[in-house]
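See structure below.
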Amino acid sequence: MRCRIGTLCKSVLFGQCIAALALTMGMGSAFAVEGGLSGTMKKIKDDGVVVIGFRDASIPFSYYDANQKPIGYSMDITNLIIAELKKKLNMPDLKVRQIPITSQNRISLLQNGTFDFECTTTTNNASRAKQVDFTNSIFEIGTRLLARKDSGINDFSDLKGKTLVVGAGTTSEKIIRGMNVEKNLGMSIMSAKDHSESFLMLSTGRAKAMMMDDALLAGERAKTKNPSDYVITGTPQSYEAYGCMVRKNDEGLKSLMNAVIAHAETSGEAEKIYNKWFMNPIPPKNLNLDFPLSDTMKKLFEHPNDKPVS
Numbered sequence: 087m088r089c090r091i092g093t094l095c096k097s098v099l100f101g102q103c104i105a106a107l108a109l110t111m112g113m114g115s116a117f118a119v120e121g122g123l124s125g126t127m128k129k130i131k132d133d134g135v136v137v138i139g140f141r142d143a144s145i146p147f148s149y150y151d152a153n154q155k156p157i158g159y160s161m162d163i164t165n166l167i168i169a170e171l172k173k174k175l176n177m178p179d180l181k182v183r184q185i186p187i188t189s190q191n192r193i194s195l196l197q198n199g200t201f202d203f204e205c206t207t208t209t210n211n212a213s214r215a216k217q218v219d220f221t222n223s224i225f226e227i228g229t230r231l232l233a234r235k236d237s238g239i240n241d242f243s244d245l246k247g248k249t250l251v252v253g254a255g256t257t258s259e260k261i262i263r264g265m266n267v268e269k270n271l272g273m274s275i276m277s278a279k280d281h282s283e284s285f286l287m288l289s290t291g292r293a294k295a296m297m298m299d300d301a302l303l304a305g306e307r308a309k310t311k312n313p314s315d316y317v318i319t320g321t322p323q324s325y326e327a328y329g330c331m332v333r334k335n336d337e338g339l340k341s342l343m344n345a346v347i348a349h350a351e352t353s354g355e356a357e358k359i360y361n362k363w364f365m366n367p368i369p370p371k372n373l374n375l376d377f378p379l380s381d382t383m384k385k386l387f388e389h390p391n392d393k394p395v396s
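Here you go:
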């Protein structure tokens with residue numbers, strides 16, 4: 087329309103601006119949920135389900151309880167993320183589907199869309215970061231050895247000419263195979279499909295030691311009838327950070343997960359979750375890992391970040 091009177095023109099324009107502003111404000115939440123979504127967040131919204139990857143035997147991070155339900159430290163972090171997803175997407179009834187993954191298939195299954203994200207025991211390192219993205223770290227560990235106390239194994243050099251077992255596809259496997267060649271140790275290195283198989287090889291004498299992340303070694307030791315028969319030993323060969331994995335360049339989901347993790351770590355909630363799983367009896371056998379919070383973990387909780395440690 088054309089206005090012949092200046093004051094009338096200003097009045098009309100002002101009214102149009104107010105109406106437009108009211109419309110925008112009224113639809114603000116809709117734009118935030120619908121128009122601003124992309125990647126996995128949009129996929130979850132469209133499908134009405136979020137698909138989580140989990141490990142079935144990584145005590146105390148991600149493992150089955152007596153009822154075959156995934157539980158653990160990492161699963162509690164996962165549940166915080168799911169709760170925030172429900173709020174962000176305005177989907178209180180968002181369905182959750184859980185898929186077991188392994189060290190060997192976790193990256194490929196994430197990339198091909200089989201699951202949407204995972205928070206388990208996956209190390210954030212440079213080679214993996216070329217294929218996937220990592221959130222703020224949820225845990226930091228050192229790679230060490232578990233051996234029988236009477237074995238005479240105190241450090242990696244004691245394994246010269248002996249047999250060691252390590253998880254297939256893990257960073258520990260890459261490290262120990264490199265060390266074996268570099269230092270001419272002549273070790274026989276066996277690759278196990280999971281932590282339970284690794285410990286079975288150790289406990290039955292097929293291997294003199296098993297190499298793994300120290301927190302996971304504490305979990306395997308706690309499962310034995312006589313935990314005091316085994317010792318976690320050896321100079322750490324790497325310090326590693328566990329992060330949650332998301333697809334490459336999936337900034338929307340990564341941003342939400344980073345915010346949840348950072349809040350949990352700086353508010354004290356993550357430390358409560360830690361104490362629940364590492365300093366108290368845990369299902370299904372009421373084992374107590376008695377693995378106090380390290381100075382490294384305290385620093386992580388004070389300053390959340392997504393940087394690899396090693």
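Take the sequence shown: its letter number 175 is residue 261 in our numbering, and every next letter is one higher.
Yeah, the Cβ is synthetic: ideal placement off N, Cα and C, and Gly gets one too.
Where do the N-terminal and C-terminal ends of the alpha helix (DSSP H) with F285 fall, by residue? H281 to S289
Residue range of the beta strand (DSSP E) that V182 falls in? K181 to P186
Where N361 sits in the DSSP three-state scheme: helix
Kindly indicate which three-state DSSP category S380 falls into: helix, strand or coil? coil
Specify the secondary structure class of A143 as computed by DSSP and reduced to three states. strand
When the Cα of E259 is compared with those of S282, D392 and R230, which residue comes out closest? R230
Boundaries of the alpha helix (DSSP H) in which M343 is found, first to last residue: E337 to S353
What is the DSSP secondary structure of T206, counted as helix, strand or coil? coil
Do E204 and G139 have their C-beta atoms within less than 8 Å of each other? yes
Considering only their Cβ atoms, is the gap separating I193 from V182 smaller than 8 Å? no
What number of angstroms, rounded off, separates the C-alpha of V317 from the C-alpha of L175? 47 Å
Quick check on the DSSP output: the alpha helix (DSSP H) that includes N266 runs from which residue to which? T257 to E268
According to DSSP, simplified to helix, strand and coil, what is A152? coil
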